[in-house]
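> Below you'll find the structure I mean.
Protein chains: 2
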Amino acid sequence: MVQFVHPFTEDITLAGLLGALADPMRLRIVSSMLQKDGCMSCSEAAPCPNMAKSTLSHHFRILREAGIIHTGKVGVENRNVLRINDINSRFPGLLEQILKFGGN
Amino acid sequence: MVQFVHPFTEDITLAGLLGALADPMRLRIVSSMLQKDGCMSCSEAAPCPNMAKSTLSHHFRILREAGIIHTGKVGVENRNVLRINDINSRFPGLLEQILKFGGN
DNA sequence: TCAATAGTTCATTATTATCGAACTATTGTA
DNA sequence: TACAATAGTTCGATAATAATGAACTATTGA
Chain D
301 MVQFVHPFTE
311 DITLAGLLGA
321 LADPMRLRIV
331 SSMLQKDGCM
341 SCSEAAPCPN
351 MAKSTLSHHF
361 RILREAGIIH
371 TGKVGVENRN
381 VLRINDINSR
391 FPGLLEQILK
401 FGGN
Chain X
301 MVQFVHPFTE
311 DITLAGLLGA
321 LADPMRLRIV
331 SSMLQKDGCM
341 SCSEAAPCPN
351 MAKSTLSHHF
361 RILREAGIIH
371 TGKVGVENRN
381 VLRINDINSR
391 FPGLLEQILK
401 FGGN
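Chains as they are written, first to last, in this note's numbering: chain D, 301 to 404; chain X, 301 to 404.
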């Protein structure tokens, strides 16, 4: 049984947030999540075409454990949701500001 | 002879910038640089009291190679200057936004 | 029950962080 | 001029973290 780890909102740290976003792949994942109403499955992470599933899974875990996304299992796939409200309550406006430059 | 490596402004990347700031020590260094008119020597990095010189030197190098600071030797000490204009020309407003939360 | 789909976990390798010790360069002083 | 003090870098080692491919698990549908 898979147990996903999600930090509480108040445990989201700035260094953790920046570290999770300090990777071009993860920036693209989060950026395209924001464009898709903040929600996507792992395999929808089309911005990363030639990427091994395990690597993708790893990136989603980094994002999850930094408090950037919430992952829930729905049927056979994972539903990943951007924790935009939680992040904004900790660091108002920061995520949008970063992602303004992250789409490239 | 010590040669410091500084990327050109146009070579500063978002992922590189975030990665360099994705560390509590470096956040504190940059944050306190901003408060001191964007300039400090390595040994002034008082926010990191019990830190080995070599570790401090390492962090300054990370910041330098990400394009966040410019280091120049002045007499016996290093003068580190925040490259605020260069960063703002690449990512307007981003650094200030991040550092708003970085003082902790 | 069996295959397909969607991801995770494991083991390995590669990076990065931290530290102490040794080194280099600049200054001040006897 | 030589010598110590100051400020920092570089090197080597160790420990923690990240990236990746191979093997595994869980859900769904035929």
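Note that the Cβ used here is the ideal one computed from N, Cα and C, for glycine as well. All values derive from a computational prediction rather than experimental measurement.
Going by C-alpha to C-alpha distance, which of X:P392, X:T371, X:V376 sits closest to P307 of chain X?
Working through the second sequence from its first residue, we reach residue 307 of chain X at position 7. When only C-alpha atoms are compared, the closest one is X:T371.
> Name the residue from X:L395, X:N385, X:S343 whose alpha carbon lies nearest to the alpha carbon of N378 of chain X.
Walking along the second sequence from the start, residue 378 of chain X turns up at place 78. Looking at the Cα atoms, X:S343 is the closest of the given residues.
> Which residue from X:E396, X:R390, X:L399, X:S332 puts its Cα closest to that of G402 of chain D?
The residue given as residue 402 of chain D occupies position 102 in the first sequence. Minimum Cα distance to G402 of chain D is reached at X:R390.
> Shorter than 8 Å from the beta carbon of F304 of chain X to some beta carbon of chain D?
Against the second sequence, residue 304 of chain X aligns to sequence position 4. Not closer than 8 Å to any Cβ of chain D, the Cβ of F304 of chain X fails to qualify, so no.
> Please confirm if G393 of chain D has its CB atom under 8 Å from at least one CB of chain X.
Position 93 of the first sequence holds residue 393 of chain D. So, interface residue.
> Our contact map puts L382 of chain D next to V330 of chain D with C-beta atoms below 8 Å; I'd like the distance itself, whole angstroms only.
What you label residue 382 of chain D is simply residue 82 of the first sequence in a count that begins at 1. What you label residue 330 of chain D is simply residue 30 of the first sequence in a count that begins at 1. That pair is a contact at about 7 Å.
> Under 9 Å Cβ-Cβ, which residues of chain D neighbour P324 of chain X?
Start at 1 with the first residue of the second sequence, and residue 324 of chain X comes out as number 24. Within chain D, the residues near P324 of chain X are T313, L314, A315.
> Can you give me the start and stop residues for the alpha helix (DSSP H) that H370 of chain D sits inside?
Taking the first residue of the first sequence as position 1, residue 370 of chain D is located at position 70. That residue, H370 of chain D, is in no alpha helix (DSSP H); its beta strand (DSSP E) goes 369-374.
> Can you tell me whether C339 of chain X is helix, strand or coil according to DSSP?
For this step, residue 339 of chain X is matched to residue 39 along the second sequence. C339 of chain X falls in the strand class under three-state DSSP.
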